[in-house]
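As structure tokens, the structure follows; a few thoughts come after it.
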Amino acid sequence: MSQPSILVIGCGSIGERHLRCFLNTGRCRAAVCDTNGRLVAEVAGRYGVPGFESLEAAQEAFPADGWVVCTPAHTHLALALRGLARGVHQLIEKPLATGLEQVEETRAAIASSGCHVAVAYVFHAMPWLRAMREVILSGELGSPRHATLTAGQHFPTFRPAYREIYYARHESGGGAIQDALTHSVNAMEWLIGPATRVYCDAAHQVLEGVGVEDTVNVCARHGDVLASFGYNQFQAPNELEIRVHCERGSVAMQLHEQRWGMMRFGEKEWTWQRHPKPIERDDFFTWQAESFLEGMAGRPCFLATFEEGVQTLKFNLAALESARSGQPVAIS
Ligand SMILES: NC(=O)c1ccc[n+]([C@@H]2O[C@H](COP(=O)([O-])OP(=O)(O)OC[C@H]3O[C@@H](n4cnc5c(N)ncnc54)[C@H](O)[C@@H]3O)[C@@H](O)[C@H]2O)c1
Numbered sequence: 003m004s005q006p007s008i009l010v011i012g013c014g015s016i017g018e019r020h021l022r023c024f025l026n027t028g029r030c031r032a033a034v035c036d037t038n039g040r041l042v043a044e045v046a047g048r049y050g051v052p053g054f055e056s057l058e059a060a061q062e063a064f065p066a067d068g069w070v071v072c073t074p075a076h077t078h079l080a081l082a083l084r085g086l087a088r089g090v091h092q093l094i095e096k097p098l099a100t101g102l103e104q105v106e107e108t109r110a111a112i113a114s115s116g117c118h119v120a121v122a123y124v125f126h127a128m129p130w131l132r133a134m135r136e137v138i139l140s141g142e143l144g145s146p147r148h149a150t151l152t153a154g155q156h157f158p159t160f161r162p163a164y165r166e167i168y169y170a171r172h173e174s175g176g177g178a179i180q181d182a183l184t185h186s187v188n189a190m191e192w193l194i195g196p197a198t199r200v201y202c203d204a205a206h207q208v209l210e211g212v213g214v215e216d217t218v219n220v221c222a223r224h225g226d227v228l229a230s231f232g233y234n235q236f237q238a239p240n241e242l243e244i245r246v247h248c249e250r251g252s253v254a255m256q257l258h259e260q261r262w263g264m265m266r267f268g269e270k271e272w273t274w275q276r277h278p279k280p281i282e283r284d285d286f287f288t289w290q291a292e293s294f295l296e297g298m299a300g301r302p303c304f305l306a307t308f309e310e311g312v313q314t315l316k317f318n319l320a321a322l323e324s325a326r327s328g329q330p331v332a333i334s
């Protein structure tokens, strides 16, 4: 049987990584499409795959089984709808969108097409997060009651072009809430369930050349679990830690240390566990690609579902509204 075919739409920073990591799986053929002709020629040449300047040309010459939508967030759902209309499976980059306008139409298109759709919240591919989630879901520590997330990095180091890309404007998915915090929020919702209320304070503190918020504090409720998030995009350490405190013990993940841990009630120290070998960023994306290919084949897939992506989108919008109004915002 021939391998499934994947078209990566948008081959900027993350699109190229997806292309490389789908190819890394050794389980699919791939091509790229980008409206920037120079860029698509460069990337296609680098990986020896077909490259197209328009979606129409790509659909004609490379009728793919799955698309990876890697364009700025305000274009995600319109593109996904075009693929769903042709019965093409969709892996959509985060955040799912910048508004709820096309959500209902996309939901209906998924139902009628029967296509597999996932949102590329890549934390789902982190072995530490999955291990932590298993412990929480097993119930051995009792119910989660309180959770905290603290994270940050010096964004200009990782994305020197931040002023010139989608990041600079909320309308295209920019700012710390929609672009960075959203990964952490989706991970937290995967661990302790959907947020139901959000109170957010956010400000532009440091990053030069943009006006969007680079610093965020959120105080949230996930049903009857209390949670807090602190995130900035200018600090020197590149760190992320999630802690979930349950009735009979705590679990934690430290991304920068590549480890997760547990402390049962009565114990005095954390028991930390690491993956057998050091993990590179591409590894997460390769595991994510593999899981998406599994989902396309009708087998279990651990990636964020469309509905989980919608829920995290609602959190983003509630956080932006709360930061503007200074009031807590309920999520329906
Ligand atoms: N999962 C992650 O870790 C991660 C990291 C970075 C970005 N992202 C997300 O991925 C998306 C893209 O981010 P990026 O950093 O790669 O942006 P980018 O600006 O580097 O690349 C986007 C590309 O999309 C192309 N494009 C725009 N509209 C198009 C269209 N209609 N058809 C074809 N190509 C089109 C642009 O020419 C550009 O090359 C955003 O939603 C972002 O939030 C995710």
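If you're matching positions, the sequence shown starts at 3 in our numbering and goes up one per residue.
Where is the CB? At the ideal position from N, CA and C, for every residue including glycine.
- Non-local beta-carbon contacts of G311 in its own chain, meaning distances under 6 Å to residues more than five positions away in sequence, involve L98 and V121 in chain order.
- With fewer than 16 other CB atoms across the displayed protein chains lying within 10 angstroms of its CB, S140 is exposed.
- The beta-carbon distance between T100 and A75, rounded to whole angstroms, is 5 Å. This is short enough to meet the 8 Å contact definition.
- In this structure, L9 places its C-beta atom within 8 Å of the C-beta atom of W69.
- Remark: C-beta atoms of M128 and F286 approach each other more closely than 8 Å.
- E44 is not a Cβ neighbour of R147, given a cutoff of 8 Å.
- Each residue's CA atom was taken as its position, placing C23 and E269 some 41 Å apart.
- E18 and C30 have their C-alpha atoms spaced approximately 15 Å apart.
- Shortest gap from the CB of A170 to any heavy atom of ligand 1: 7 Å or more.
- With respect to the C-alpha of T77, the residue from D216, E103 and L242 having the closest C-alpha is E103.
- Between the beta-carbon of E191 and that of T314 there is about 6 Å, and that keeps the pair under the 8 Å contact cut.
- A residue is called buried when at least 16 other Cβ atoms come within 10 angstroms of its Cβ; H224 meets this threshold and is buried.
- For I281, the Cβ stays outside the 7 Å cut-off from all heavy atoms of ligand 1.
- Our two residues, V218 and L143, have alpha carbons roughly 30 Å apart in a direct line.
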